[in-house]
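A.B. asks:
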Amino acid sequence: MIDEKTLQVVGRPWLTAILDRNSRCVVGFSISFAPPSWAAVMDALRVAVMPKDWVFEGFKRLGNGQSGIHNSWDCFGKPDRLIMDHGRDFKSLSMDETLTALQIDSDYTKPKKPWLKGKIERWLRTLEEQIIHTIPGAVMSSVEKRKFYKSEKFAILTIYELNWIVAKWVIDIYHQDVHSKIGRSPAQAWREGLREITPHREIPKDLLVPLTGLILPRSLREGGIRYKGLRWDSNEFSRARAFLPDSANVQVRIDPLDISVCYVYDEKRAEWVEGELVEPVEARGLTLKQWLTISQLRKRKMREQKLSREEALAQSYQEIGQYVQERVNERRKGMAPQRFAAFASSGSAWAKMHDERFDESHNPPGGHPLEFDDEDERGRPKHGPCKEPRRRTMRSDEEQRTPEDYARDEEIAREAADQAAEDVVVSPATPERRRPRKPRTRSSTQPPSEDVVPPLAAEDPTDSGETRSPKKRLPDSDDEDDDDDDVTPLGYGRD
Numbered sequence: 007m008i009d010e011k012t013l014q015v016v017g018r019p020w021l022t023a024i025l026d027r028n029s030r031c032v033v034g035f036s037i038s039f040a041p042p043s044w045a046a047v048m049d050a051l052r053v054a055v056m057p058k059d060w061v062f063e064g065f066k067r068l069g070n071g072q073s074g075i076h077n078s079w080d081c082f083g084k085p086d087r088l089i090m091d092h093g094r095d096f097k098s099l100s101m102d103e104t105l106t107a108l109q110i111d112s113d114y115t116k117p118k119k120p121w122l123k124g125k126i127e128r129w130l131r132t133l134e135e136q137i138i139h140t141i142p143g144a145v146m147s148s149v150e151k152r153k154f155y156k157s158e159k160f161a162i163l164t165i166y167e168l169n170w171i172v173a174k175w176v177i178d179i180y181h182q183d184v185h186s187k188i189g190r191s192p193a194q195a196w197r198e199g200l201r202e203i204t205p206h207r208e209i210p211k212d213l214l215v216p217l218t219g220l221i222l223p224r225s226l227r228e229g230g231i232r233y234k235g236l237r238w239d240s241n242e243f244s245r246a247r248a249f250l251p252d253s254a255n256v257q258v259r260i261d262p263l264d265i266s267v268c269y270v271y272d273e274k275r276a277e278w279v280e281g282e283l284v285e286p287v288e289a290r291g292l293t294l295k296q297w298l299t300i301s302q303l304r305k306r307k308m309r310e311q312k313l314s315r316e317e318a319l320a321q322s323y324q325e326i327g328q329y330v331q332e333r334v335n336e337r338r339k340g341m342a343p344q345r346f347a348a349f350a351s352s353g354s355a356w357a358k359m360h361d362e363r364f365d366e367s368h369n370p371p372g373g374h375p376l377e378f379d380d381e382d383e384r385g386r387p388k389h390g391p392c393k394e395p396r397r398r399t400m401r402s403d404e405e406q407r408t409p410e411d412y413a414r415d416e417e418i419a420r421e422a423a424d425q426a427a428e429d430v431v432v433s434p435a436t437p438e439r440r441r442p443r444k445p446r447t448r449s450s451t452q453p454p455s456e457d458v459v460p461p462l463a464a465e466d467p468t469d470s471g472e473t474r475s476p477k478k479r480l481p482d483s484d485d486e487d488d489d490d491d492d493v494t495p496l497g498y499g500r501d
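Just add 6 to wherever you are in the sequence shown, counting from 1, and you've got the working numbering.
(1) How would you write the range of the alpha helix (DSSP H) that residue 48 sits in, first residue to last?
(2) Can you name the start and end residues of the beta strand (DSSP E) that residue 272 belongs to?
(3) Assuming residue 108 and residue 115 form a contact by the criterion Cβ under 8 Å, report the distance between their Cβ atoms to the nearest whole angstrom.
(4) Give me the Cα-Cα distance between residue 43 and residue 112, rounded to the nearest whole angstrom.
(5) Reducing DSSP to helix, strand and coil, say where residue 397 ends up.
(6) So what does DSSP say about residue 209, is it helix, strand or coil?
(7) Measure the Cβ-Cβ separation of residue 77 and residue 178 and say whether it is below 7 Å.
(8) What's the call for residue 169, buried or exposed, on a 16-neighbour Cβ count within 10 Å?
(9) Just to confirm, are residue 270 and residue 279 a CB contact at a threshold of 7 Å?
(10) Among 288, 254, 292, 220, whose alpha-carbon lies nearest the alpha-carbon of residue 230?
(11) Give the secondary structure of residue 192 by DSSP, where H, G and I count as helix, E and B as strand, and everything else as coil.
(12) If you draw a straight line from the C-alpha of residue 125 to the C-alpha of residue 79, how long is it?
(13) Taking the alpha-carbon positions, what's the residue 286 to residue 212 distance?
(14) Three or more C-beta pairs under 8 Å: does that hold for the segment 215–231 against the segment 246–264?
(15) Ignore the nearest five residues each way along the sequence and tell me which others in residue 104's own chain have a CB closer than 7 Å to its CB.
(16) Is residue 248 near residue 272, with beta carbons less than 7 Å apart?
(17) Using the beta-carbon count (16 or more within 10 Å), is residue 207 buried or exposed?
(18) Go ahead and label residue 106 buried or exposed: buried means 16 or more other beta carbons lie within 10 angstroms of its beta carbon, across all protein chains shown.
(19) Can you tell me which of 81, 91, 172 puts its alpha carbon nearest to the alpha carbon of residue 52?
(20) Short of 7 Å in beta carbon distance, which residues of its chain neighbour residue 185, apart from the five on each side in sequence? Order them along the chain.
(21) May I ask you to report which of helix, strand or coil DSSP gives residue 36?
(22) Tell me which residue opens and which closes the alpha helix (DSSP H) that residue 134 is part of.
(23) How long is the line joining the alpha carbons of residue 226 and residue 235, rounded to whole angstroms?
(24) Apart from the five residues just before and just after residue 291, which ones in its own chain have a Cβ nearer than 7 Å to its Cβ?
(25) Consult DSSP for residue 21 and reduce its assignment to one of helix, strand or coil.
(26) Is DSSP giving residue 385 helix, strand or coil here?
(27) Can you tell me which of 20, 41, 90, 96 puts its alpha carbon nearest to the alpha carbon of residue 27?
(28) In or out: residue 282 buried (at least 16 other Cβ within 10 Å) or exposed?
(29) Consult DSSP for residue 257 and reduce its assignment to one of helix, strand or coil.
(30) From residue 301 to residue 138, what distance separates their C-alpha atoms?
(31) For residue 86, which option in 23, 54, 237, 94 has the closest C-alpha, if you only look at C-alpha atoms?
(32) Go to residue 281, then tell me how far its alpha helix (DSSP H) extends in each direction, as first and last residue.
(33) Assuming the contact rule is C-beta atoms closer than 8 Å, residue 176 and residue 32 should be a hit. Round their C-beta distance to whole Å, please.
(34) Which residues in the same chain have their Cβ closer than 6 Å to the Cβ of residue 36, if we skip the five residues on either side of it in sequence?
(35) Would you identify the three-state DSSP class for residue 239, choosing helix, strand or coil?
(36) Does the distance from the CB of residue 120 to the CB of residue 127 come in under 7 Å?
Below is the structure:
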């Protein structure tokens with residue numbers, strides 16, 4: 007694959023596909039440079055569950071009014087059971103909560119037994135034989151062929167162009183061709199199957215997106231939701247916070263493929279409310295992995311060069327841009343490192359198909375007083391915890407702090423620190439010792455044992471001021487042997 011802007015070879019993407027075992031229809035797939043994980047599964051699951059009207063609208067928008075696809079993609083709906091590859095990347099609390107909320111049973115195939123996932127493996131091989139290996143720049147499956155064919159020299163497609171090719175092949179060719187095992191086309195088998203079952207009710211898109219996001223153990227405080235140097239806030243957040251006690255934990259989810267929006271479940275109204283990313287605004291549209299990379303670089307700059315947070319963040323963005331340009335200048339004929347491809351293009355290929363998710367005019371985070379419809383004569387909420395609502399106007403974009411404000415605050419803090427240092431005499435640090443505890447005995451007159459050694463007081467290295475959830479230990483799955491023809495897992499392949 008090549009980068010859309012620089013036209014540089016950036017690596018090989020991953021394909022995640024969901025196959026219906028009865029009709030052999032492809033109900034959803036996802037292409038990205040991110041390695042297989044639960045986030046890729048959730049991206050493919052969103053495509054599978056939702057109707058595909060947005061797919062054709064997106065292709066028309068990118069194709070100057072023409073989608074280039076002649077048949078319909080009628081496959082959508084919530085599956086009863088989802089079978090996935092056996093791996094720790096597909097086992098997480100976020101995935102478990104998502105499948106539970108959508109009422110989807112999950113199962114995993116046994117490791118190192120590809121014959122238990124015959125349907126999806128056969129589909130991947132058909133895709134490679136008919137399409138992938140015919141595209142210039144494809145990586146050959148045979149080691150001998152790779153010696154005489156340098157894929158990076160002939161790469162011509164971007165990840166979005168490959169996404170269209172796979173979608174057209176699935177809709178116009180694979181779904182319309184007669185399948186040798188079922189004796190009819192997958193599209194016909196899907197239509198016939200709908201007459202025999204009652205399809206599930208369609209899941210609204212505004213509910214599906216937060217349900218398939220990453221769970222964050224956070225509390226809704228004044229200023230919104232904070233996580234890893236990011237802050238989301240909106241008037242909806244302030245409204246929901248008025249009915250909550252201080253430091254109350256709430257259900258929070260973000261899309262790891264686009265951190266522009268954060269979702270909080272409002273228990274009083276029984277719905278998910280959105281908050282836009284207000285700090286830093288430069289991170290809008292980034293994936294969570296991209297932001298964590300930038301944040302790590304920023305912290306290192308602050309530690310080494312003693313820069314302020316804003317200066318280190320701006321320098322990190324600049325260095326990443328310079329790194330990309332250097333790779334373009336130095337290796338135009340070569341292939342960029344895989345870590346660069348994973349960082350620069352770790353979002354889904356479907357990202358361009360959706361409308362712009364962040365809109366400045368939609369639900370602005372400030373500019374007018376907060377109002378509550380359900381209040382008593384004293385202005386307090388009638389229901390929920392008795393808490394005075396915060397009737398204040400949040401800052402609008404024009405009232406945001408300037409770099410001069412930050413510089414002035416830093417100068418004041420520096421002068422205060424210098425003044426405090428003059429008044430304090432620093433002595434060599436000695437470990438503080440706790441008083442020895444008396445051993446618990448039945449007799450209160452028994453003296454303490456001489457062998458009792460007072461322990462040293464040690465700081466908790468994990469106490470960083472952040473709310474952290476303990477890692478969930480996942481039990482080993484004991485899958486039962488399934489028949490080759492009865493198991494269709496979630497498949498992964500590389501093109």
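Glycine included, every Cβ here is placed at the ideal spot set by N, Cα and C.
Note that this is a predicted model, so its numbers are computed, not measured.
C.D. replies: Reading it off the structure:
(1) 44–55
(2) 264–272
(3) Their Cβ separation, rounded to whole angstroms, is 21 Å, which puts residue 108 and residue 115 out of contact at 8 Å.
(4) Straight-line Cα distance between these residues: approximately 15 Å.
(5) For residue 397, the predicted structure reports a pLDDT of 34, less than 50, and the residue's modelled location is therefore unreliable. A value from the coordinates is still provided. Correct three-state label for residue 397: coil.
(6) Coil at residue 209, not helix or strand.
(7) yes
(8) buried
(9) yes
(10) 254 is the residue among 288, 254, 292, 220 whose C-alpha sits nearest the C-alpha of residue 230.
(11) helix
(12) Approximately 20 Å between the Cα atoms of the pair.
(13) One C-alpha to the other measures close to 24 Å.
(14) yes
(15) Here the set comprises 48, 217, 218.
(16) no
(17) Exposed is the call here.
(18) With fewer than 16 other Cβ atoms within 10 Å, it is exposed.
(19) Measuring from the Cα of residue 52, the nearest candidate turns out to be 81.
(20) 30, 191, 192
(21) strand
(22) 124–136
(23) Each residue's Cα considered, the two are about 15 Å apart.
(24) Annotation for residue 291: 264, 266 place their beta carbon closer than 7 Å to its own, counting only its chain and skipping 5 residues before and after.
(25) Collapsing the DSSP output to three states places residue 21 in a strand.
(26) Only weak support is given to the placement of residue 385: the predicted model assigns it a pLDDT of 46, under 50, and the question is left unresolved by the model.
(27) 90
(28) By the Cβ-count criterion, residue 282 is buried, with 16 or more other Cβ atoms from all chains shown falling within 10 Å of its own Cβ.
(29) strand
(30) 37 Å
(31) From the listed residues 23, 54, 237, 94, the smallest Cα separation to residue 86 is found for 54.
(32) Residue 281: not part of any alpha helix (DSSP H); member of the beta strand (DSSP E) spanning 277–285, first to last residue.
(33) 5 Å
(34) Excluding the 5 residues flanking it on each side, residue 36 has same chain C-beta neighbours closer than 6 Å at 22, 46, 49, 50, 354, in chain order.
(35) strand
(36) yes
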